[in-house]
Amino acid sequence: MTLRVQLVFVGEPFNREAVIHTLRHAAMRADWQITLDANAEHRIVYATTDDANEIDARPNDVVILSSRAVADHLQSSDEPFPLGANRLPFPHSLQRNDWICADVIAGACAAMNLWYEERTRADVRDGWIAWRDDWMARVGLSEPAPLADEWLAEIVRAAKQKGWRTSESRDAFTIVLTHDVDYLPGAFDRGLPRVMRAIARQIILRRRPLDAMRLLMRYWQSPQPYFSFDAVMRAEALRGARSSFQLVVAHRHRFDPDYAIAREPIASALQKIAASDWEICLHGSYAATRTPDMLCAERIGLEREIGAPVRGHRQHYLNFYPSRLFDAVERAGLDYDLSVGYNDASGARAGTCFPYRPFNLTANHAHNFWEIPFVLMDTTLATTHCFAPREAFQYSQKILAPIAQARGCVALIWHLEQLSGLLDPGFERVYFDLLDWLCEQGARMVAGKHLVREWQDAWTQTLE
Ligand SMILES: [Zn+2]
1388 MTLRVQLVFV
1398 GEPFNREAVI
1408 HTLRHAAMRA
1418 DWQITLDANA
1428 EHRIVYATTD
1438 DANEIDARPN
1448 DVVILSSRAV
1458 ADHLQSSDEP
1468 FPLGANRLPF
1478 PHSLQRNDWI
1488 CADVIAGACA
1498 AMNLWYEERT
1508 RADVRDGWIA
1518 WRDDWMARVG
1528 LSEPAPLADE
1538 WLAEIVRAAK
1548 QKGWRTSESR
1558 DAFTIVLTHD
1568 VDYLPGAFDR
1578 GLPRVMRAIA
1588 RQIILRRRPL
1598 DAMRLLMRYW
1608 QSPQPYFSFD
1618 AVMRAEALRG
1628 ARSSFQLVVA
1638 HRHRFDPDYA
1648 IAREPIASAL
1658 QKIAASDWEI
1668 CLHGSYAATR
1678 TPDMLCAERI
1688 GLEREIGAPV
1698 RGHRQHYLNF
1708 YPSRLFDAVE
1718 RAGLDYDLSV
1728 GYNDASGARA
1738 GTCFPYRPFN
1748 LTANHAHNFW
1758 EIPFVLMDTT
1768 LATTHCFAPR
1778 EAFQYSQKIL
1788 APIAQARGCV
1798 ALIWHLEQLS
1808 GLLDPGFERV
1818 YFDLLDWLCE
1828 QGARMVAGKH
1838 LVREWQDAWT
1848 QTLE
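Shown next as structure tokens:
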């Protein structure tokens, strides 16, 4: 049964709305309802002070300590968030065993909203953040870690210690399957220029001349190279899985794909998918989330072609500024976004393996869409790590096993081109082997549209 929890502020927090908003994510996990009702049986005291005497806490209150230094850091520092013992953020000068002496809420809020990136990379012209430039790398982590999850879990752990009745997590381990469509052949070329590019990539980048040969063979044997929507959906259906395909609607930049969604046979294929249990999402063109209202126009254009609502999105090339991405997704009227992850690393870029609601700290505005973090992408395995298929499979298991354990919900990306067998030979097999393994782990494997209602309901319940 839902536990009513009063949130009590002592002193002026770094941002009152952001504290409540961030705490609601912990409440979703723990089945709590945050209230301002002073008669609630349980209390979380969020204290922004250096003076313990100001904190009038009852024995079974959960106390979280913050300070002016937190607000100062968030407003003006270009340094990574300070970590103390047990990797807890913003360690406090006061130390008491029965209190949380670190601002786990400010830390989670800053990590989930890519606050470090926004402060330090606001004028970067193109591209994605490299792992080495991310704050987690800069504080010495060897790989991304779900720190925001750990920090919010600290609040639930403290509550258990105080004897609060806690219900078992209702979360089911969930994988949102997504396929970015970065290439489809032209009307007359059967994709020959693209396969030549893939062959050069095997020889020069991956140094696998045998794979270059395999690509050529595969290409000659394909009746309809790259056009593998049906085959992918059939293979997923066999495993009880559903997925989404992300499509680009405009060619405005040299990095944008040049297929046209209105052309046959693409148009019919997309309409059929949109009317099925699978999903068509928008793959924002290269500059879409960096240009005012472009994403909204692209969403409308895609809806017109497929004859169905478009609810999800991923920015092509992950080319975005955090603040503008979140604003653009909201303004485009989308229900969820899938862009937060690394290009050259695997794991939780926003520190979380759960869908979350972004918060704009500059405008003091809670966004009304879901960010579904992606933690794994086929091309990271093939390009950054230069893995052979077997290594790619084992590494993927290593990344996903702790998320299964935590009953998280994350997205993974396997490009349609990869699943056509025309990018990195053997990697199409890795994907389906991974689905089989995920099945054994009890994962739900779905498209984003199947989940939004569920999160929406859970979110609404977190606040009285
Ligand atoms: Zn793309």
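First residue of the sequence shown: 1388, per this note's numbering; consecutive thereafter.
Think of the CB as a built atom: it goes at the ideal place given N, C-alpha and C, for glycine as much as any other residue.
The model shown is predicted, which means the values in this text are computed figures rather than measured ones.
Going by the C-beta, is residue i closer than 7 Å to any heavy atom of ligand 1?
{"i": "Asp1724", "result": "no"}
{"i": "Tyr1704", "result": "yes"}
{"i": "His1350", "result": "Outside the modelled stretch of the chain, which goes from 1388 to 1851, sits residue 1350, for which no answer is possible."}
{"i": "Asp1418", "result": "no"}
{"i": "Asp1567", "result": "yes"}
{"i": "Pro1640", "result": "Strictly speaking, residue 1640 in this sequence is His, with Pro absent from that position. Answer for His1640: no, Cβ out of range of ligand 1."}
{"i": "His1700", "result": "no"}
{"i": "His1670", "result": "yes"}
Please return the same chain residues whose Cβ sits closer than 8 Å to the Cβ of residue i, not counting the five positions on each side in sequence.
{"i": "His1566", "result": "Val1619, Ser1630, Ser1631, Phe1632, Gln1633, Ile1800, Trp1801, His1802, Leu1803, Leu1806"}
{"i": "His1640", "result": "Ser1672, Tyr1673, Ala1674"}
{"i": "Arg1855", "result": "This structure gives no information on residue 1855, because the portion of the chain shown stretches from 1388 to 1851."}
{"i": "Asp1722", "result": "Arg1698, Gly1699, Phe1756, Trp1757, Gly1835, Lys1836, Val1839"}
Exposed or buried, which one is residue i when buried takes at least 16 other CB atoms within 10 Å?
{"i": "Asp1459", "result": "exposed"}
{"i": "Arg1701", "result": "buried"}
{"i": "Pro1446", "result": "exposed"}
{"i": "Asp1645", "result": "exposed"}
{"i": "Leu1501", "result": "buried"}
{"i": "Met1523", "result": "buried"}
{"i": "Ala1472", "result": "exposed"}
{"i": "Phe1707", "result": "buried"}
{"i": "Asp1536", "result": "buried"}
{"i": "Gly1550", "result": "exposed"}
{"i": "Ala1649", "result": "exposed"}
{"i": "Gly1728", "result": "buried"}
{"i": "Ala1791", "result": "buried"}
{"i": "Leu1423", "result": "exposed"}
{"i": "Pro1533", "result": "buried"}
Apart from the five residues just before and just after residue i, which ones in its own chain have a Cβ nearer than 7 Å to its Cβ?
{"i": "Gly1688", "result": "Val1636"}
{"i": "Ala1413", "result": "Leu1539, Ile1542, Val1543"}
{"i": "Thr1766", "result": "His1802"}
{"i": "Ala1585", "result": "Leu1602, Leu1809, Leu1810"}
{"i": "Ser1710", "result": "Glu1505, Asn1747, Thr1749"}
{"i": "Leu1657", "result": "Leu1634, Ile1648, Ile1667, Glu1692, Ile1693"}
Could you tell me which residues DSSP puts in a beta bridge with residue i?
{"i": "Leu1768", "result": "The partner list for Leu1768 (beta bridge, DSSP) is empty, contrary to what the question assumes."}
{"i": "Pro1478", "result": "Ala1489"}
{"i": "Gly1671", "result": "Gln1702"}
{"i": "Asn1751", "result": "Answer is none; Asn1751 lacks a bridge partner."}
{"i": "Asp1724", "result": "His1700, Glu1758"}
{"i": "Glu1666", "result": "Ser1631"}
{"i": "Thr1561", "result": "Cys1796, Arg1831"}
{"i": "Ala1434", "result": "Val1397, Leu1452"}
{"i": "His1566", "result": "Phe1632"}
{"i": "Val1619", "result": "According to DSSP, Val1619 bridges with nothing at all."}
{"i": "His1638", "result": "The partner list for His1638 (beta bridge, DSSP) is empty, contrary to what the question assumes."}
{"i": "Thr1389", "result": "Thr1389 pairs with nothing; no bridge assigned."}
{"i": "Phe1746", "result": "Ala1753"}
{"i": "Leu1850", "result": "Ile1421"}
{"i": "Leu1809", "result": "Answer by DSSP bridge pairing: none, since Leu1809 is not bridged."}
{"i": "Leu1763", "result": "Leu1799"}
{"i": "His1429", "result": "Val1392"}
{"i": "Leu1501", "result": "Leu1501 is not bridged to any residue."}
So, for residue i: in the same chain, excluding its five sequence neighbours on each side, which residues have a beta-carbon less than 6 Å away from its beta-carbon?
{"i": "Val1817", "result": "Pro1776, Ala1779, Phe1780"}
{"i": "Leu1768", "result": "Phe1774, Ala1779"}
{"i": "Met1764", "result": "Ile1800"}
{"i": "Phe1396", "result": "Tyr1433"}
{"i": "Val1526", "result": "Pro1467, Leu1470"}
{"i": "Asp1598", "result": "Gln1589, Pro1812"}
{"i": "Pro1572", "result": "Gly1578, Tyr1613"}
| query | So, do the stretch 1827 to 1844 and the stretch 1561 to 1575 have three or more beta carbon pairs nearer to each other than 8 Å? | reply | yes
| said: Closer than 8 Å is the cut-off here; do at least three beta carbon pairs connect the stretch 1482 to 1494 with the stretch 1398 to 1414? | reply: yes
| field | Segment contact flag, the stretch 1743 to 1755 with the stretch 1711 to 1719, C-beta cutoff 8 Å, min 3 pairs | value | yes
| message | Quick check: the stretch 1423 to 1434 against the stretch 1466 to 1473, are at least 3 beta-carbon pairs closer than 8 Å? | response | no
| field | Contact between the stretch 1784 to 1791 and the stretch 1586 to 1595 (3+ Cβ pairs under 8 Å) | value | no
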